[in-house]
Structures are given as structure tokens and as C-alpha cells.
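Listed in order, the protein sequences are those of chains A and B.
Positions 1 to 208 (the UniProt record's numbering) are the ones given, in order, by the first sequence.
Positions 1 to 208 (the UniProt record's numbering) are the ones given, in order, by the second sequence.
By construction, the Cβ of each residue, glycine as well, lies at the ideal position given by its N, Cα and C atoms.
Written below as C-alpha cells is the structure these notes are about.
There are 2 protein chains.
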Amino acid sequence: MLMQMKLTEFLEELGSNSPAPGGGSIAALAGALGGALAAMVCRLTVGNSKYAQVQSEIAGILSQADQLVSELACCVDADTEAFNKVMAAYKLPKATEIEKIARSEAIQQAMVAAARLPLGVAGNCLKVLSLAVRVLAIGNSNAASDASVAGLMAHAGLHGALYNVKINLSSIKDQTTQQDMQAKVAGIIAEDERLHRELLAVASKVIG
Amino acid sequence: MLMQMKLTEFLEELGSNSPAPGGGSIAALAGALGGALAAMVCRLTVGNSKYAQVQSEIAGILSQADQLVSELACCVDADTEAFNKVMAAYKLPKATEIEKIARSEAIQQAMVAAARLPLGVAGNCLKVLSLAVRVLAIGNSNAASDASVAGLMAHAGLHGALYNVKINLSSIKDQTTQQDMQAKVAGIIAEDERLHRELLAVASKVIG
Numbered sequence: 001m002l003m004q005m006k007l008t009e010f011l012e013e014l015g016s017n018s019p020a021p022g023g024g025s026i027a028a029l030a031g032a033l034g035g036a037l038a039a040m041v042c043r044l045t046v047g048n049s050k051y052a053q054v055q056s057e058i059a060g061i062l063s064q065a066d067q068l069v070s071e072l073a074c075c076v077d078a079d080t081e082a083f084n085k086v087m088a089a090y091k092l093p094k095a096t097e098i099e100k101i102a103r104s105e106a107i108q109q110a111m112v113a114a115a116r117l118p119l120g121v122a123g124n125c126l127k128v129l130s131l132a133v134r135v136l137a138i139g140n141s142n143a144a145s146d147a148s149v150a151g152l153m154a155h156a157g158l159h160g161a162l163y164n165v166k167i168n169l170s171s172i173k174d175q176t177t178q179q180d181m182q183a184k185v186a187g188i189i190a191e192d193e194r195l196h197r198e199l200l201a202v203a204s205k206v207i208g
Numbered sequence: 001m002l003m004q005m006k007l008t009e010f011l012e013e014l015g016s017n018s019p020a021p022g023g024g025s026i027a028a029l030a031g032a033l034g035g036a037l038a039a040m041v042c043r044l045t046v047g048n049s050k051y052a053q054v055q056s057e058i059a060g061i062l063s064q065a066d067q068l069v070s071e072l073a074c075c076v077d078a079d080t081e082a083f084n085k086v087m088a089a090y091k092l093p094k095a096t097e098i099e100k101i102a103r104s105e106a107i108q109q110a111m112v113a114a115a116r117l118p119l120g121v122a123g124n125c126l127k128v129l130s131l132a133v134r135v136l137a138i139g140n141s142n143a144a145s146d147a148s149v150a151g152l153m154a155h156a157g158l159h160g161a162l163y164n165v166k167i168n169l170s171s172i173k174d175q176t177t178q179q180d181m182q183a184k185v186a187g188i189i190a191e192d193e194r195l196h197r198e199l200l201a202v203a204s205k206v207i208g
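So, in C-alpha cells, the structure goes:
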């Protein structure tokens with residue numbers, strides 16, 4: 001539903017006094033925008049004889065980028081839905097002991113889902129960043145700033161998504177789930193650090 | 001015109017084999033998204049008795065954030081138009097000496113405009129980042145991750161815009177214009193570094 005809004009309407013809805021859509025949806029959108037920019041640079045490289053030697057690799061990157069854009073675009077709406085489910089669970093009745101237990105379980109289930117979703121977004125943003133770094137290195141050099149911005153958006157989306165994982169993680173009671181997600185967060189952060197450093201180094205060499 | 005597109009249509013247009021819209025427009029959009037998120041956190045703070053002491057400051061930040069969103073949203077389209085003008089100047093006739101001179105002047109004028117526009121975007125992203133840092137510190141703590149994502153988007157938009165300044169700067173022949181813009185770029189980078197560090201420190205304290 002959010003993805004069917006005009007950009008002007010979306011900005012207005014985002015800035016309104018309703019907590020959703022919020023940072024989680026914007027993190028997914030940032031990743032999708034980065035993926036689309038990376039795909040554009042691929043399309044500006046496809047069929048260009050100056051880049052004859054990388055045509056096969058670029059075609060592979062393009063296909064992955066298109067797929068990631070589509071997945072991340074879905075998460076713009078899905079993140080807001082996951083947030084709304086957490087809010088709905090908090091509003092469940094808590095008059096009796098049975099109701100209290102059911103409510104608490106519903107909150108936990110919704111919280112885990114609301115943490116898993118941005119964890120998936122962060123993983124997809126990492127993939128977009130990795131593609132952007134490669135496209136910047138081998139793609140059409142006239143679009144070097146576009147490939148660089150693609151990487152910056154993916155990097156921002158990744159950390160935005162991780163904030164949303166962390167803020168939900170603190171409320172998850174199941175220790176195994178919490179530790180498993182924390183390990184995944186740490187892995188994504190380490191890989192992002194390496195790729196982001198590479199992006200900035202190549203961009204600085206090519207753009208200045 | 002871009003801002004009147006649905007998000008799904010915009011992503012498709014962005015990923016297409018046309019070089020515009022590109023990274024410059026996405027940098028402006030990132031800043032606008034950050035500004036709208038910061039405005040949302042303000043609206044979730046306004047009228048909340050827990051934040052009675054900061055109501056006046058929050059109202060001031062909200063008004064600035066709304067204004068910045070509106071200016072940055074305009075730049076999404078304006079950046080693409082500035083890019084198209086550079087392309088149009090390159091296509092001017094160059095058969096005679098007079099045509100060559102006129103073409104060269106038109107290219108330079110379009111290049112300066114295409115560098116000035118993202119420089120303004122970077123300056124506005126810096127303002128959004130500054131507001132996000134403050135909102136994260138004093139605004140509704142339930143929306144801490146939103147304020148943090150607001151800052152990340154502004155930071156990404158700022159550097160994305162600066163790549164677009166730099167890529168055009170290298171083609172500008174007028175030394176005074178070039179040096180003046182370079183000094184402004186350096187000033188924005190220094191201020192961004194300080195604010196971004198502060199954002200990450202506060203976010204890490206509040207979110208983990």
C-alpha cells in the first residue's frame with residue numbers, strides 16, 4: 001500500500017504524527033533505491049563495447065540487483081505491518097491470567113517477527129552494497145557517482161535496519177533467538193565495514 | 001514530475017537504462033526522507049507531558065524539518081533537470097568556431113548549475129542531520145530508532161550529493177568557482193563528520 005503512494009504523499013505520511021511508517025520502512029526503501037541505482041549502472045554498461053570483457057558478470061549483477069529491489073520494496077510495507085502487529089498485540093485484553101499469558105505470547109511472537117524482518121532487510125542491503133562496490137569497479141565509469149550513491153544508500157539502509165533489529169531484540173525473552181540474531185547482526189556489521197571502506201576508497205580514486 | 005510518481009514507478013524509472021534520474025536525485029530524496037522522519041519524531045513529542053520542558057525547542061525543530069523536506073523534495077526533480085541541461089548543452093552544434101564557443105559556454109554554465117544544486121542539497125542534508133541528532137537526544141525516546149535512521153539518511157544523502165558536486169567540479173574551468181565550491185565541500189564534510197560521530201554515539205547509548 002505504501003509503495004503505491006506518490007512520493008509526495010509518502011513523504012507527508014512519513015512525517016505525520018503516526019509512528020508508522022517509520023525508520024524500518026525507510027531502511028528497506030533506502031536499500032531498494034540503492035539496488036535500483038546499481039541496476040541502472042548495469043543497464044548503462046550492458047552492450048557497451050568498451051566494457052565487452054565484463055558483460056557476463058554485469059548481466060549477473062543486474063539480475064541480482066533487480067531481484068533485491070523487488071524484495072526490499074516488499075519490505076517497505078512489510079515492516080510497517082510487522083510494527084502494527086506489535087502494537088495490536090499490546091492492545092490485547094489483560095483482565096484475566098489466561099488473557100495475560102495469551103497477550104504476552106502474542107507480543108513475543110510479534111516482536112520476533114518485527115526483529116526478523118529488518119534483519120532480512122539488513123542482509124539484503126549488504127548484498128546491494130556488495131553489488132554496488134563491484135559495479136563501481138567494473139561498470140560504466142560515466143555513472144561512477146551513481147554506483148557510489150547506490151553503495152551509500154545500501155550502507156545507510158543496512159544500519160537503519162539494524163537499529164530496528166536491536167530495538168526489538170531487547171524485548172525478546174527467548175535467549176536462543178536473541179543470541180542467534182545478535183550473532184547475525186555482528187556478522188553483517190563486520191562485512192559492511194569491509195565493503196563500505198572499499199566503496200569509499202574506490203569512489204575517492206574515481207571521483208575525487 | 002518525479003515526485004508525482006508512485007514509489008513502485010519511481011524505482012522502475014530509476015533502475016531503467018536512462019541515466020536520469022540518478023544519484024543526485026536519490027541524494028536529495030534521502031535527505032527529504034530523513035527530514036520527514038525527524039519531523040515525525042517531533043510530532044510524536046509535541047504535546048507529550050513527559051517532554052514538557054522541550055516543547056518550544058521541538059516546535060522550532062519541527063518547523064525547520066518540514067521546510068527542509070519541502071526544499072529537498074524539490075531538488076529530486078531539479079537535480080534531474082540540471083543533469084538533462086548538461087546533456088542538452090553537449091548536443092549543441094559545433095560545426096563553426098562561433099558554435100563551438102557558444103556550446104562550450106553553455107556546457108560550462110550547465111555544469112556550474114549541476115554542481116551548485118547538489119552543493120545546496122548537501123548543505124540541507126547537513127541541517128537535517130543536525131536536527132536528527134538533537135531530536136534523538138531530546139525527543140520521544142520510543143522513536144529513538146526513527147531519529148537515528150533520520151540521521152543516517154541525511155548523512156548518506158549528504159555524501160551522495162557531494163559525489164555529484166565533485167564529479168561536475170572537475171569539468172568546471174573557472175578557477176574561482178571551483179575553489180569556492182571546494183572550500184564549501186570541505187566545510188560540509190568536517191561538520192558532517194562531527195555530527196555523524198555524535199549521532200552514532202547517542203544511538204549506541206540509547207538503542208545498543
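Do residue j and residue i come within 9 Å of each other at the CB atom, strictly closer than that value?
i: A/Ala-28; j: A/Ala-78; result: yes
i: B/Met-153; j: B/Leu-37; result: yes
i: B/Met-181; j: B/Leu-199; result: no
i: B/Glu-191; j: B/Leu-131; result: no
i: A/Gly-160; j: A/Ile-26; result: yes
i: B/Leu-33; j: B/Gly-22; result: no
i: B/Met-1; j: B/Ala-143; result: no
i: B/Leu-136; j: B/Ala-203; result: yes
i: A/Lys-91; j: A/Lys-100; result: no
i: B/Ile-107; j: B/Ser-16; result: no
Please name the residue, chosen from the options, that lies closest to residue i on a Cα-to-Cα basis.
i: A/Ser-70; options: B/Met-1, B/Glu-12, B/Thr-177; result: B/Glu-12
i: B/Gly-151; options: A/Phe-10, A/Lys-184, A/Asn-142, A/Ala-30; result: A/Ala-30
i: A/Leu-7; options: B/Leu-72, B/Thr-45, B/Ser-49; result: B/Leu-72
i: A/Leu-44; options: A/Ile-58, A/Gly-34, A/Ala-32; result: A/Ile-58
i: residue 227 of chain A; options: A/Gln-108, A/Cys-42, A/Asn-140; result: In this structure chain A extends from 1 to 208, so residue 227 of chain A is not present and cannot be described.
i: A/Gln-109; options: A/Thr-96, A/Val-128, A/Gly-123, A/Phe-83; result: A/Phe-83
i: B/Ser-145; options: B/Lys-205, B/Gly-47, B/Glu-9, B/Gln-175; result: B/Lys-205
i: B/Met-87; options: B/Gln-179, B/Val-76, B/Gln-178, B/Ser-18; result: B/Ser-18
i: B/Thr-80; options: B/Ala-201, B/Phe-10, B/Ala-156; result: B/Phe-10
i: B/Val-133; options: B/Asn-48, B/Lys-94, B/Glu-193, B/Ser-104; result: B/Glu-193
From residue i to residue j, what does the alpha carbon distance come to, in whole angstroms?
i: A/Ala-189; j: A/Ala-183; result: Ala is not the amino acid found at residue 189 of chain A; the sequence shown has Ile there. C-alpha separation (whole angstroms): 10 Å.
i: B/Ala-89; j: B/Ala-114; result: 12 Å
i: B/Ala-20; j: A/Ala-102; result: 52 Å
i: A/Lys-173; j: B/Val-149; result: 25 Å
i: A/Gly-60; j: A/Arg-197; result: 24 Å
i: B/Gly-123; j: A/Gln-4; result: 30 Å
i: B/Leu-129; j: B/Thr-96; result: 49 Å
i: B/Ser-63; j: B/Gly-35; result: 11 Å
i: B/Cys-42; j: B/Gly-208; result: 22 Å
i: A/Val-185; j: B/Gln-179; result: 43 Å
i: A/Ala-201; j: A/Leu-195; result: 10 Å
i: A/Ser-104; j: A/Ser-56; result: 52 Å
i: A/Val-46; j: A/Ala-52; result: 9 Å
i: A/Ile-98; j: A/Ala-147; result: 55 Å
Give every residue of the same chain whose Cβ lies closer than 6 Å to the Cβ of residue i, excluding the five residues on either side of it in the sequence, and list them in chain order.
i: B/Ile-138; result: Val-54
i: B/Cys-75; result: Ala-28, Val-121
i: A/Ala-156; result: Ala-30
i: B/Gly-24; result: Asp-79, Pro-118, Asn-164
i: A/Lys-85; result: Ala-110
Since residue i meets chain C, which of its residues come closer than 7 Å, beta carbon to beta carbon?
i: B/Met-5; result: In summary, chain C is missing from the structure at hand, where the protein chains are A and B.
Might you give, ordered along the chain, the residues of its own chain that have their beta carbon closer than 7 Å to the beta carbon of residue i, omitting 5 neighbours on each side?
i: B/Thr-177; result: Val-112
Once the 5 residues before and after residue i are set aside, which same chain residues still bring their CB inside 8 Å of it?
i: A/Gln-175; result: none
i: B/Asn-48; result: Asn-140
Are at least three pairs of beta-carbons, each pair with one atom in the region 154 to 164 of chain A and one in the region 110 to 125 of chain A, less than 8 Å apart?
yes
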